[in-house]
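The structure appears right after this line, and notes come after that.
Chains as they are written, first to last, in our numbering: chain A, 949 to 1062; chain B, 318 to 427.
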């Protein structure tokens, strides 16, 4: 069966420090990968998605970047964090877009920028 | 932008059916309707999806109107553990993006 893991689960970082959140998927090949962010009390905002190694689409201009160095690995990064980067970050994966397939989420990472 | 409209909150008595509405009046013929729920501090959990026929699984039923402009998620016997935010989204076959709105916060009352 397929599983998705992301880490760290909780992170407290000072303003101006770098960020790296990592996500891996197991049990499937060539997944579509996603990063979402959820600010406190808000809905889910799609940040990035990737359909293959090295292929990244950005949905919202911001202080973050994403990379996909391997088929089942997706990384969210920032060189200098802002207070507004605080939130709940979720990695997700999906498969065949031609069918009514679903998206599956990881456990999430809480980021607090102080 | 999200293509769905949901009420921000609803209450339901424990053991009763919870009926969560969703409006997707601009839905296209190849767009599926998906429902997810998110319990606090967890990733969203898939519930059910459909194209035009009603669907049922072990968690819920999905009723889609004949014109497909709205749908209802039915939790037949709500429990306290069903308290969560429920998201209704639409996605076209052949697209990668799942766009979530703000959802409906369902509170099941004892």
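Idealized CB from N, CA, C, for every residue including glycine. No experiment lies behind these values; they were computed from the predicted model shown.
### Task
Out of A:1013, A:1024, A:988 and A:1007, point me to the one whose CA is closest to residue 1032 (chain A)'s CA.
Counting from one through the first chain, the residue named residue 1032 (chain A) turns up at place 84. Comparing Cα positions, the closest option is A:988.
#### Entry: C-alpha distance - residue 952 (chain A) paired with residue 968 (chain A), whole-angstrom precision
Translated into the one-based positions of the first chain, residue 952 (chain A) becomes position 4. Translated into the one-based positions of the first chain, residue 968 (chain A) becomes position 20. Cα to Cα, the separation comes out at about 17 Å.
#### Entry: C-beta neighbour in chain B for residue 980 (chain A), strict 8 Å
Within the first chain, residue 980 (chain A) is the residue found at index 32, counting from 1. Using a CB distance cut-off of 8 Å, residue 980 (chain A) counts as an interface residue toward chain B.
### Message
For the stretch 1008-1017 of chain A against the stretch 949-963 of chain A, do three or more pairs of beta-carbon atoms, one drawn from each stretch, fall closer than 8 Å, so that the two count as touching?
### Response
These segments do not touch.
### Message
Can you tell me whether residue 270 (chain B) is helix, strand or coil according to DSSP?
### Response
Residue 270 (chain B) lies beyond the residue range present for chain B, which begins at 318 and ends at 427; the question has no answer from this structure.
### Message
Measuring straight from C-alpha to C-alpha, what distance separates residue 1036 (chain A) and residue 1056 (chain A)?
### Response
The sequence position of residue 1036 (chain A) within the first chain is 88, counting from 1. The sequence position of residue 1056 (chain A) within the first chain is 108, counting from 1. Between residue 1036 (chain A) and residue 1056 (chain A), the C-alpha separation is close to 6 Å.
### Query
For the beta strand (DSSP E) that contains residue 414 (chain B), what are its first and last residues?
Here residue 414 (chain B) corresponds to residue number 97 of the second chain, with the count starting at 1. It is not in any beta strand (DSSP E) - residue 414 (chain B) carries neither H nor E in the DSSP assignment.
### Task
List the residues that DSSP assigns as beta-bridge partners of residue 990 (chain A).
Translated into the one-based positions of the first chain, residue 990 (chain A) becomes position 42. DSSP links residue 990 (chain A) through a beta bridge to no other residue.
### Task
Check whether the Cβ of residue 1020 (chain A) lies closer than 8 Å to any Cβ atom in chain B.
Here residue 1020 (chain A) refers to the residue found at position 72 when the first chain is read from its first residue. Not an interface residue.
### Message
Does residue 384 (chain B) pass the burial test, meaning 16 or more other C-beta atoms within 10 Å, or should it be called exposed?
### Response
Along the second chain, read from residue 1 onward, the residue named residue 384 (chain B) stands at position 67. So residue 384 (chain B) ends up on the exposed side.
#### Entry: Listed by chain order, chain B residues near residue 990 (chain A) by CB distance under 9 Å
In the first chain, counting from the first residue as 1, residue 990 (chain A) sits at position 42. Listed along the chain, the chain B residues whose CB falls inside 9 Å of the CB of residue 990 (chain A) are 419.
### Query
At a Cβ threshold of 8 Å, is residue 1051 (chain A) touching chain B?
Reading the first chain from its first residue, position 103 is the one you call residue 1051 (chain A). Chain B places a beta carbon closer than 8 Å to that of residue 1051 (chain A), counting this residue as a contact.
### Message
At the level of alpha carbons, what is the spacing between residue 973 (chain A) and residue 1023 (chain A)?
### Response
Taking the first chain and counting its residues from 1, the one referred to as residue 973 (chain A) is at position 25. Taking the first chain and counting its residues from 1, the one referred to as residue 1023 (chain A) is at position 75. If I take the Cα positions, the gap works out to 12 Å.
### Query
For chain B, is any of its Cβ atoms less than 8 Å away from the one on residue 997 (chain A)?
Working through the first chain from its first residue, we reach residue 997 (chain A) at position 49. Taking Cβ atoms only, chain B reaches closer than 8 Å to residue 997 (chain A), which makes this a yes.
### Query
So which of B:403, B:391 and B:354 has the shortest CA-CA distance to residue 332 (chain B)?
The residue given as residue 332 (chain B) occupies position 15 in the second chain. When each option's Cα is compared against that of residue 332 (chain B), the closest is B:391.
### Query
Along chain B, in chain order, which residues have C-beta atoms closer than 8 Å to that of residue 1055 (chain A)?
Residue 1055 (chain A) sits at position 107 when you count from the first residue of the first chain. Simply 359 and 360.
### Task
Flag residue 959 (chain A) as yes if its beta-carbon sits less than 8 Å from any beta-carbon of chain B, otherwise no.
Stepping through the first chain from its first residue, residue 959 (chain A) is reached at position 11. Not closer than 8 Å to any Cβ of chain B, the Cβ of residue 959 (chain A) fails to qualify, so no.
### Query
With which residues is residue 1006 (chain A) paired in a DSSP beta bridge?
Here residue 1006 (chain A) is taken as the residue at index 58 of the first chain, counted from 1. Bridge pairing for residue 1006 (chain A): A:996 [DSSP].
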